[in-house]
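Peer 1:
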Amino acid sequence: MVDTVGHMTEYAQDIAHWFQVNAGKLIWLAVVLAVVFAADRVISRVLRRVLDSSQIPSASIFVNLTRVTIWVTGTAMVLQPVFGINPTTLVTALGVGGVAISLGLKDTIANVIGGFGLMLGRVIQPGDLVTIQGVTGTVHDITWRQTVVRTRSGDMMVIPNSVLNTAALTKLTPASEGMSTLEFTAKASGDPSAISQDILDRVTKATADVALEGQPPLVKFTGFSPYGMTGQVLVFAREGVLPSTVRDMAARAIAGSGTKYLVEDGGSSDNL
1 MVDTVGHMTE
11 YAQDIAHWFQ
21 VNAGKLIWLA
31 VVLAVVFAAD
41 RVISRVLRRV
51 LDSSQIPSAS
61 IFVNLTRVTI
71 WVTGTAMVLQ
81 PVFGINPTTL
91 VTALGVGGVA
101 ISLGLKDTIA
111 NVIGGFGLML
121 GRVIQPGDLV
131 TIQGVTGTVH
141 DITWRQTVVR
151 TRSGDMMVIP
161 NSVLNTAALT
171 KLTPASEGMS
181 TLEFTAKASG
191 DPSAISQDIL
201 DRVTKATADV
211 ALEGQPPLVK
221 FTGFSPYGMT
231 GQVLVFAREG
241 VLPSTVRDMA
251 ARAIAGSGTK
261 YLVEDGGSSD
271 NL
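Residue numbers are given in UniProt numbering: position 271 of the sequence shown equals residue 271, and the series is strictly consecutive.
1) According to the neighbour-count rule (16 or more other Cβ atoms, all chains shown, within 10 Å of its Cβ), is residue 304 buried or exposed?
2) Expressed to the nearest angstrom, what Euclidean distance is found between the alpha-carbon atoms of SER196 and PRO174?
3) Quick check on this structure: which residue in VAL163, ILE159, ARG150, ALA186 has the alpha carbon closest to the alpha carbon of GLU177?
4) If we ignore side chains and look at the alpha-carbon of each, how far apart do ALA34 and VAL68 end up?
5) Have a look at GLN117 and ILE159 and give me their C-alpha separation to the nearest angstrom.
6) Can you look up GLN146 in the DSSP assignment and give me helix, strand or coil?
7) Looking at the unbroken beta strand (DSSP E) that takes in VAL158, where does it start and where does it end?
8) Quick one: grab the DSSP three-state call for SER153.
9) So, at 7 Å on beta carbons, what are the nonlocal neighbours of LEU212 in its own chain, with the 5 sequence-adjacent residues on each side left out?
10) Looking only at its chain, what residues have a beta carbon closer than 6 Å to the beta carbon of GLY240, apart from the 5 residues adjacent to it on each side?
11) With distance defined between alpha-carbon atoms, name the residue in LEU51, ALA30, GLY84, GLU264 nearest to ALA188.
12) What would DSSP say about ASP209, mapped onto helix, strand or coil?
13) Determine the burial state of SER269: buried for a count of at least 16 other Cβ atoms within 10 Å of its Cβ, exposed for fewer.
14) Just checking PRO216 against the ligand GDP - is the residue's beta carbon closer than 6 Å to any of the ligand's heavy atoms?
15) Which one or two residues does DSSP pair with THR136 in a beta bridge?
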């Protein structure tokens with residue numbers, strides 16, 4: 001029993017001695033942690049407000065990068081005084097290891113750098129209509145690594161940011177993004193103006209609920225064939241409607257009764 005009490009007393013004395021010797025280090029550690037924590041909260045809030053007011057997409061990326069910088073700086077301030085670790089030695093060791101890591105993560109690093117380039121340069125922003133490597137849709141989000149594009153059918157296409165820095169990108173207008181073409185052949189003996197007006201009336205009425213507002217259908221005659229005059233009907237789908245749906249409705253309207261000017265049998269000479 002006496003030995004147990006003696007060991008406990010000795011242990012308590014060792015703890016007290018350790019606190020006495022390291023009191024300065026502990027105080028410095030507590031002060032740095034308090035300052036870093038306060039700076040993290042204040043600077044993050046201020047930076048987020050500034051970035052939100054500037055309408056920079058995905059502002060959280062810049063906020064998180066700032067927070068990492070603050071905590072890395074705070075850690076460097078306590079390494080030598082508290083833990084006896086030379087920051088220069090640590091940085092050198094991390095540099096050697098960083099080369100090996102960067103080789104394995106080169107694609108990820110390229111995506112991150114590409115993401116910053118897209119956002120800082122405002123090449124594209126959420127809400128833009130784009131075509132990227134055959135994918136057409138609305139930019140839904142831009143993150144550290146990828147850009148998400150939502151197609152008209154509702155699919156979410158994830159495109160690495162590194163691809164956007166090397167691939168051709170086309171920014172579209174609502175009209176060009178939703179445009180669909182329907183070809184037709186009319187009898188050469190018909191009146192082009194009357195044919196054009198009749199097609200416009202039929203298509204406009206049939207697609208009124210799904211067509212893009214402010215963009216009526218267009219009829220263009222493109223030339224001649226052995227069967228008559230060739231032309232195209234350009235229809236424009238509103239947001240959320242597939243262009244194929246509008247094209248189908250336009251085709252049904254043109255093919256309805258009364259369109260005697262259309263060529264029904266390309267092999268018949270009676271159509272000319």
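Each residue gets a CB set at the ideal place from its N, CA and C atoms; glycine is no exception.
Peer 2: In this structure, then:
1) Nothing in the structure corresponds to residue 304, since the chain is present only between 1 and 272.
2) Mapped onto the sequence shown, residue 196 falls at position 196. Mapped onto the sequence shown, residue 174 falls at position 174. Going by the C-alpha atoms only, they are around 24 Å apart.
3) Here residue 177 refers to the residue found at position 177 when the sequence shown is read from its first residue. Comparing Cα-Cα distances from GLU177 to each of VAL163, ILE159, ARG150, ALA186, the minimum goes to ARG150.
4) Walking along the sequence shown from the start, residue 34 turns up at place 34. Walking along the sequence shown from the start, residue 68 turns up at place 68. Distance between the alpha carbons of ALA34 and VAL68: 16 Å.
5) Numbered from its first residue, the sequence shown carries residue 117 at position 117. Numbered from its first residue, the sequence shown carries residue 159 at position 159. The question names Gln, but residue 117 is Gly in the sequence shown. Distance between the alpha carbons of GLY117 and ILE159: 15 Å.
6) The residue you call residue 146 lines up with position 146 of the sequence shown. DSSP places GLN146 in strand when its eight states are reduced to three.
7) Here residue 158 refers to the residue found at position 158 of the sequence shown. Per DSSP, VAL158 belongs to the beta strand (DSSP E) from 156-160.
8) Walking along the sequence shown from the start, residue 153 turns up at place 153. Three-state DSSP puts SER153 in coil, outside helix and strand.
9) Taking the sequence shown and counting its residues from 1, the one referred to as residue 212 is at position 212. Only PRO174, ALA175, GLY178, PHE236, ALA237, ARG238 meet the Cβ criterion.
10) For the purposes of this step, residue 240 is identified with residue 240 of the sequence shown, where counting begins at 1. Nothing meets the Cβ criterion.
11) Taking the first residue of the sequence shown as 1, we reach residue 188 at position 188. Minimum Cα distance to ALA188 is reached at GLU264.
12) As a first step, residue 209 must be located in the sequence shown, where it is residue number 209. DSSP places ASP209 in coil when its eight states are reduced to three.
13) Residue numbering aside, residue 269 sits at position 269 when the sequence shown is read from its first letter. Its pLDDT being 39, under 50, SER269 is placed unreliably in this model, and the value from its coordinates should be taken loosely. Counting Cβ neighbours within 10 Å, SER269 comes out exposed, since fewer than 16 surround it.
14) Among the components of this structure there are no ligands whatsoever, and the ligand GDP is therefore not found.
15) The count along the sequence shown starts at 1 and reaches residue 136 at position 136. In DSSP, THR136 forms a bridge with THR131.
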